[in-house]
Each structure stands twice: as structure tokens, then as C-alpha cells.
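Residue numbers (the working numbering): 1 to 288.
Structure, as C-alpha cells:
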């Protein structure tokens, strides 16, 4: 078991007795050298009655009377909830940004929530559309808490989360910045067994493909965008990023891009992390 503040531990237990013997406490003593901010689960009510599950990590000296920049981490793919109460929920990355004075938020749109078939299929024939509406409502809820600076809100994600980030920055005015990592940018470019499950074929759903595309809306980019991609990505092919880059250039839209020549879909390493941290802090105007 674990919780946001306790690393995964093994205990010997039986029904009616929670702990007979603790087998492994799995101490992480390095944490004792740092001041971690408060981490809490939140439930965000939407206008239609649906409840989004989320989590917030606050700066160590959080003062609700002040205004803070906010960064959202998202995935959002159908049937893929990310909000949970285990040790990964108290991610060191979130705490690192929180120590810089950034409020870090993670939230699942309804299609990712795992709350039944109706919510999962809200993305049917319109990937990205309902997810963005949910994220926008979540952002407005954050702004209504009075401590979120509406001019300094950003988001990032990888894979489907990268797609939603690129989609948000080309279809919404609420976000000041975003990092799209390994993003799908047009559903014509992704594998059919996944895409057509939700979107049908391009011939059957041409308007849906057009509405769900980042390429068609590149001219509408608002905010600062960083695109990251592995050049031998065999899941989300790098052509997604190349075509978005070309569309943004043709629209005379500034953006940043970092390619990783030896990386597949799962990009790793210190450089990948540092590039993101630097972009987030620059975009939100905070110091390390």
C-alpha cells in the first residue's frame, strides 16, 4: 500500500487485522531534506452535473490570499484515469514546481475518468472536443478559487496528453503556455485500430476528423507552445510534429521544438526533464 506521502510498503495482514507485521517500509530519506507542499484530492463540479476527479499540489508557503501561476498535467485518453491516492500522486516533479511557487493540478476529463461507458464514449466521433470543454470548466473552477492567476495558466502532457495540449492551445484562449510531448496532431496520422474505434473512418466522419485536428487550427494558436518528440517514435509517428511545425510556420506562429534523435515514444533522461522545467518557469515568469 501507499499514499501520496508514504512510499510503497509491504505488510503482512489478515482479514480483521490490518497489520500483523510490516515487511518493508521502503524509506526515502532524501525527502527529509526538502519541504513538500500540501497535496490534496479535489472534485470539480461541471455545469451538467458531472464531477471531475483532480489533485492539487500547493507551494510549501501557500497563501490563499495571493495569486499563483498554475500548471496542469493531463493525459485524458479514453478510459485512462490518472488520479489516484498512491505514492505516485505526490510526484517529485509536482513538488519541484510547487517549490518554485507554482500550483500544480492534475485532472481527468470525463472520457478518461473510468466512470462508466457513457462518460467514456463522450469523445465518440469528436476526440478532443468534449475533453477540452471539461478542462476549460476545470480551469474556470480554479480561477473561481481566487488564488489562481488567470493570465498564468499552462498545461502539458505526453501522447494523448500531448494531443490535448496542442488541441487546447489551438482551440482555446484560456492557456498561456503548453508542452505537447509526443502528440498526435491529426487523427488521419494515427493507427486505425485505435482511431477508428472512436472516430470511425475519415469517409464516415469527415467533419469529426476536421474538428479534432490541430493542423487545421494551427493559425489559431494562442500562448507559448513547446513541442517534444522522439524521432524514432513507432507509436505516434514524428510526422505528427513535423506537419504541425509546418502548419505553424505557414501561419507565421512562433513556437519552440525539441527533437530526440534516438528516442521512441517513451522519451527519458535529464535533458527531457530540464527542457520542460525551464519552459514552464519561463512561461509562467517564476524563478527556480
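Even for Gly, the Cβ is constructed at its ideal location relative to N, Cα and C.
Quick check on residue i: buried or exposed, where buried means 16 or more other Cβ atoms within 10 Å of its Cβ?
i           : result
residue 63  : exposed
residue 11  : exposed
residue 122 : buried
residue 69  : buried
residue 110 : buried
residue 22  : exposed
residue 60  : exposed
residue 165 : buried
residue 152 : buried
residue 180 : buried
residue 137 : buried
residue 191 : exposed
residue 95  : buried
residue 97  : buried
residue 279 : buried
residue 74  : buried
residue 51  : exposed
residue 271 : exposed
residue 230 : buried
residue 243 : buried
residue 173 : exposed
residue 269 : exposed
Can you name the residues that DSSP bridges to residue i?
i           : result
residue 45  : 51
residue 260 : 230
residue 154 : 71, 177
residue 40  : 56
residue 225 : 178
residue 6   : 3
residue 148 : 68
residue 191 : Beta-bridge pairing links residue 191 to no other residue.
residue 22  : 11
Looking at the unbroken beta strand (DSSP E) that takes in residue i, where does it start and where does it end?
i           : result
residue 171 : No beta strand (DSSP E) contains residue 171, which is instead part of the alpha helix (DSSP H) from 160-171.
residue 104 : 103-107
Among the residues of its own chain, which have a CB less than 6 Å from the CB of residue i, if the five just before and after it don't count?
i           : result
residue 258 : 228, 275
residue 177 : 154, 223, 224, 283
residue 130 : 122, 123
residue 235 : 265
residue 114 : 81
residue 128 : 167, 212
Quick one: is the Cβ of residue i within less than 8 Å of any heavy atom of the ligand GDP?
i           : result
residue 261 : Judged by which ligands are present, the structure shown has none, so any question about the ligand GDP falls away.
Tell me which residues share the same chain as residue i and place their Cβ nearer than 8 Å to its Cβ, disregarding the 5 neighbours each side in the sequence.
i           : result
residue 20  : 11, 12, 13, 14
residue 125 : 198, 199, 200, 205, 208
residue 83  : 41, 53, 54, 55, 89, 106, 107, 108
residue 221 : 169, 170, 248, 251, 253, 255
residue 239 : 189
residue 233 : 182, 263, 264, 265
residue 47  : 137
residue 141 : 44, 45
Grab me the residues of residue i's own chain with a C-beta within less than 7 Å of its C-beta, minus the 5 sequence neighbours each way, in chain order.
i           : result
residue 77  : 112, 160
residue 66  : 147
residue 9   : 1, 2, 22, 24, 25, 26
residue 195 : 187
residue 58  : 37, 38, 98, 103
residue 143 : 150
If you follow the alpha helix (DSSP H) that residue i is part of, which residue opens it and which one closes it?
i           : result
residue 291 : In the structure as shown, the chain begins at 1 and stops at 288. Residue 291 is therefore absent and cannot be evaluated.
residue 237 : Unbroken run through residue 237: none, as it is neither H nor E.
residue 209 : 206-211
residue 276 : 270-284
residue 98  : 92-98
residue 111 : Where residue 111 is concerned, there is no enclosing alpha helix (DSSP H), given that its DSSP letter is neither H nor E.
residue 119 : 117-120
Using a Cβ-Cβ distance cut-off of 9 Å, determine whether residue i contacts chain B.
i           : result
residue 250 : No chain B appears in this structure, which consists of one protein chain only.
Specify whether the segment 180-198 and the segment 90-103 touch according to this definition: at least 3 beta carbon pairs, one from each stretch, less than 8 Å apart. No: the two stretches stay apart, fewer than three of their Cβ pairs being nearer than 8 Å.
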